[in-house]
Amino acid sequence: MGRMPYLAYLWPGLPTILANGSWLGLGWAAVFAVLVNLQILASVWWPELLPTHVRNGLWVATAVFWMGANIATWRALRLLHPEESPAAEVSFGDATRLYLRGDWFGTERVLTDLLQKNSRDVEAGLMLATLWRHTGRTKEASQQLDRLELLDGARRWMLEIHQERKYLQAAASVGPSEVEASRAA
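Its first residue numbered 0, the sequence shown is counted upward by one per residue in numbering that gives the first Met the number 0.
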């Protein structure tokens, strides 16, 4: 996930819609649209619709809603994308180092921690599926790949996901005794 354009924050809910198609963001955007349209209707086209003090109160309510929704949107995006924080990058780097050393238990621990923080982290999910294939847990690996394919962020990783599926099929056709023999060697 790249940086959100600053102009997207002018309309409450729009950043969360753009980031992950959030229904809550759509609700914020719709409520803000109703408030703004009511303001335009009452101020420009039909000033007699509402008394002046009610129109002014609606402007204040719209401004307060705009500020509150933008703060809530900013917080929601920070919770949805913790992988952009430096601590998460270090954790994924740690997982990679542990994986390359052959420390399967440590790698799985770090990757599951990353996925608990952000279940939409495709990179960590794909690495976990690969780890499970290497350790002979093909059923879990296949379920993980099924879950990954449903995520929007997995589009750019589809080639790797399909390649991992081929490796899983090859591992299933080899048989468990040959996998154990290759691990012992």
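For each residue, glycine too, the CB sits at the ideal point set by N, CA and C.
Everything numeric in this text was worked out from a predicted model, so none of it was measured.
Query, Result
"Are residue 141 and residue 113 touching if we call contact CB-CB under 8 angstroms?", "no"
"Specify the secondary structure class of residue 42 as computed by DSSP and reduced to three states.", "helix"
"Measuring only the C-alpha atoms, how far is residue 144 from residue 44?", "55 angstroms"
"Here's a check: name, in chain order, each residue in its chain whose Cβ is nearer than 7 angstroms to the Cβ of residue 152, leaving out the five neighbours to either side.", "119, 121"
"State the DSSP-derived secondary structure class of residue 118, mapped to helix, strand or coil.", "coil"
"Could you check if residue 100 is buried or exposed, using at least 16 other CB atoms within 10 Å of its CB as the buried criterion?", "exposed"
"Any chance the region 56-67 sits against the region 24-41, with 3 or more Cβ pairs inside 8 angstroms?", "yes"
"Whose C-beta lies closer than 8 angstroms to the C-beta of residue 31 among residues of the same chain, with five residues either side of it excluded?", "10, 11, 12, 61, 64, 65, 68"
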